Every structure is written in structure tokens, then in C-alpha cells.
Amino acid sequence: MLPFQTMNPLPADPADREKSTLRDGIRTCAPAVPGLLAWGAVTGMVLVQSGLSVWQSITMTLIVYAGSAQLAALPLIVAGAPMWVIVLTTLLVNFRFVIFSAVIGPHFAHLHWSRRLWYGYFNADMVMAFFPQRFPAHTLGKPVGKLGYFKGLAYTTWWAWVIGSLIGILLASQIPSNWGIGFAGTLVLLGMTIPLIVNLPTLAGVVVAGLISVAAVGIPYKLGLVVAIFGGIAAAVIADRMIRSADAAEGRF
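In numbering that gives the first Met the number 0, the protein residues as written are 0 to 252.
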């Protein structure tokens with residue numbers, strides 16, 4: 000558990016419990032807000048500087064709630080890549096959200112599908128980083144306080160992202176292109192990603208994906224990114240199996 004994550008005693012009243020955990024979620028996510036604002040601002044600037052209008056950029060920001068997917072799709076759109084390449088790349092970049100939903104979704108299985116669909120839109124990296132720490136798998140079937148905590152994380156993340164993106168979109172014309180905004184965005188993304196590396200399989204996936212992405216940078220239509228994603232996933236799976244096999248051999252399971 001992170002040092003700034005608090006777990007206050009839950010009040011007896013259900014409504015008060017949800018409010019209490021909502022406040023906990025906001026406090027937990029608060030330290031990440033500056034990074035989210037910066038990442039949103041960088042992405043917003045890149046949208047406009049890539050040729051999209053202000054309204055097109057705002058629409059894309061609200062619909063495609065994923066900066067990495069936007070930045071992956073923009074160079075392909077500008078280069079006139081085939082639609083299947085653009086769609087495949089964005090799907091692969093966003094494939095992590097399928098994993099996020101598989102982890103977090105069962106905690107809200109008791110909700111109506113329309114509400115699950117609504118909350119699914121807000122499921123983001125920061126939610127995945129903190130929600131399972133407060134509510135691990137063994138708390139399935141115990142919904143007390145979960146929705147409030149999820150909202151605190153998800154809504155804080157969304158507002159920080161949207162505000163940052165709007166700032167970037169509106170200020171894009173004031174930022175010279177030679178300032179290296181794309182590189183700044185990479186640094187911000189690294190700063191948000193590194194704290195999420197919590198075990199060896201994750202580290203293996205990140206390292207292998209990074210090495211492949213550098214080695215495959217010359218592949219047309221940015222398909223090196225696709226290769227890096229598959230390589231990172233494979234490395235993480237192999238590392239996880241090796242660790243589990245070693246633990247089993249030593250009788251830890």
C-alpha cells in the first residue's frame with residue numbers, strides 16, 4: 000500500500016460509507032493529478048499541432064479517453080496509413096483496459112449493465128493502480144464502499160485529464176513546435192508508468208517492450224509499436240510462469 004493511501008473506518012450508514020470511501024479515493028489519487036494534468040496538456044497540444052481543429056481535438060479527447068492511443072493514432076493518420084493499421088494499433092495500445100476490466104469488473108457484477116458500462120468508460124490506469132490495493136480479489140462479493148472509492152479515483156483522474164487536455168488544446172498555437180512537446184510527453188508518461196511497476200513480470204514486460212520499440216522504430220506505419228506490445232506481453236507472461244514454477248519447486252505454493 001502506498002504511504003499516502005488512507006483507509007478510514009467505514010461509517011455504519013451505507014450512504015456515509017460511500018461518501019467516506021469516495022473521499023479516500025480522491026485523496027489517494029491526488030498526488031497523481033499534476034502528472035495527469037501535464038500528460039493531458041501535452042496530448043492536447045499534439046492533437047492541434049498535428050492538424051486537427053480545436054473542436055476535433057476536444058471531441059477526440061472526450062471520446063478517446065486514452066492519451067497513449069491518441070498519440071499512437073495521430074502519426075498514422077497524418078501519414079495516411081490504412082484504416083486497419085490505425086484501428087489495430089489503437090486497439091493493441093488500449094488492450095490493457097481489457098485486463099483492467101477483468102480485474103475490477105467482477106467487484107461491480109451486482110450493478111445493472113448500463114451502470115457498469117458508464118463506469119467502464121472511466122476505468123483508467125490510475126484506477127487500476129490503486130483500486131486492487133484497497134479491494135483485492137478476496138473482497139469479491141463484498142461491495143461495501145467499493146463504488147465510492149472507484150468514483151473517487153476515476154472521476155479525479157478524468158477531470159485532471161480533461162482539464163489538462165483543454166489547456167493544451169487552447170494553448171497549442173502559443174507553443175513553438177521546436178520545443179519538443181512530444182519528448183516532454185514521453186517523460187511525463189514515464190513518470191506515471193514507473194510507479195506502476197510493482198513486480199518482476201511487469202518489469203520484464205516493460206523492459207522488453209521498450210527495447211523492441213527502439214529496435215523496431217524503423218518499421219513503416221509505426222508497426223514497431225505493435226511488435227513491442229506483443230513482445231512485452233510475452234515477456235511478462237514468461238517471467239510470471241518462471242517465477243511460479245520456481246516457487247512451486249521450492250514448495251511455496
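Positions of the beta carbon are idealized from the N, C-alpha and C atoms, including for glycine. Just so you know, these numbers come straight off a predicted model, no measurement behind them.
Considering only C-alpha positions, which residue in the set the options is nearest to residue i?
i	options	result
glycine 230	Leu210, Gly217, Leu165 and Asp23	Leu210
valine 32	Ile162, Thr88 and Val47	Ile162
glycine 119	Ala233, Tyr64 and Ala128	Tyr64
leucine 189	Gly66, Ile237, Leu169 and Gly151	Gly66
glycine 144	Phe107, Ala128 and Gly50	Phe107
leucine 21	Gly79, Ile228 and Arg133	Arg133
glycine 34	Glu249, Trp157 and Val226	Trp157
leucine 255	Ala80, Val41, Ala37 and Ala68	Nothing can be reported for residue 255, as the shown portion of the chain is limited to 0 through 252.
alanine 128	Cys28, Trp83 and Glu249	Cys28
isoleucine 103	Ala248, Ala153 and Asp15	Ala153
proline 105	Ile85, His137 and Met82	His137
glycine 24	Val86, Ala37, Leu75 and Gly151	Gly151
serine 172	Glu249, Asp246, Asp15 and Ser49	Ser49
Hey, would you say residue i sits closer than 9 angstroms to residue j, going by beta carbons?
i	j	result
glycine 39	tryptophan 160	yes
glutamate 17	leucine 139	no
proline 142	histidine 109	yes
asparagine 122	phenylalanine 94	no
threonine 287	alanine 71	Outside the shown range of the chain (0 to 252) lies residue 287, about which nothing can therefore be said.
Tell me the rounded alpha-carbon separation between residue i and residue j.
i	j	result
leucine 61	alanine 208	28 angstroms
threonine 155	phenylalanine 149	10 angstroms
alanine 215	leucine 222	8 angstroms
valine 205	methionine 125	17 angstroms
leucine 165	serine 244	48 angstroms
aspartate 239	valine 92	21 angstroms
leucine 73	alanine 101	28 angstroms
valine 77	leucine 170	21 angstroms
valine 47	glycine 167	9 angstroms
valine 197	phenylalanine 99	15 angstroms
alanine 234	leucine 199	10 angstroms
isoleucine 228	isoleucine 218	14 angstroms
methionine 241	methionine 44	43 angstroms
serine 113	proline 135	24 angstroms
leucine 51	arginine 115	32 angstroms
alanine 80	proline 131	38 angstroms
valine 41	valine 236	32 angstroms
aspartate 15	proline 30	24 angstroms
tryptophan 83	valine 226	16 angstroms
isoleucine 193	alanine 248	31 angstroms
isoleucine 85	tryptophan 54	21 angstroms
arginine 26	serine 19	11 angstroms
serine 56	isoleucine 232	31 angstroms
aspartate 246	alanine 37	41 angstroms
Under the assumption that residue i contacts residue j (Cβ atoms under 8 angstroms), give the Cβ distance between them as a whole number of angstroms.
i	j	result
leucine 224	serine 212	6 angstroms
Can you confirm whether residue i, when its beta carbon is compared against all beta carbons of chain D, has any partner nearer than 9 angstroms?
i	result
leucine 46	The chain labelled as chain D is not found in the depicted structure, where only one protein chain is given.
For the ligand HEM, any of its heavy atoms closer than 8 angstroms to the Cβ of residue i?
i	result
serine 56	Absent from the structure shown: the ligand HEM. Ligands present: none.
Segments of 4+ residues assigned as alpha helix (DSSP H) that fall wholly inside the region 28–104
32–48, 53–62, 66–78, 82–92 and 95–103
In chain order, what are the residue ranges of uninterrupted alpha helix (DSSP H) at least 4 long that sit wholly in the region 124–150?
124–133
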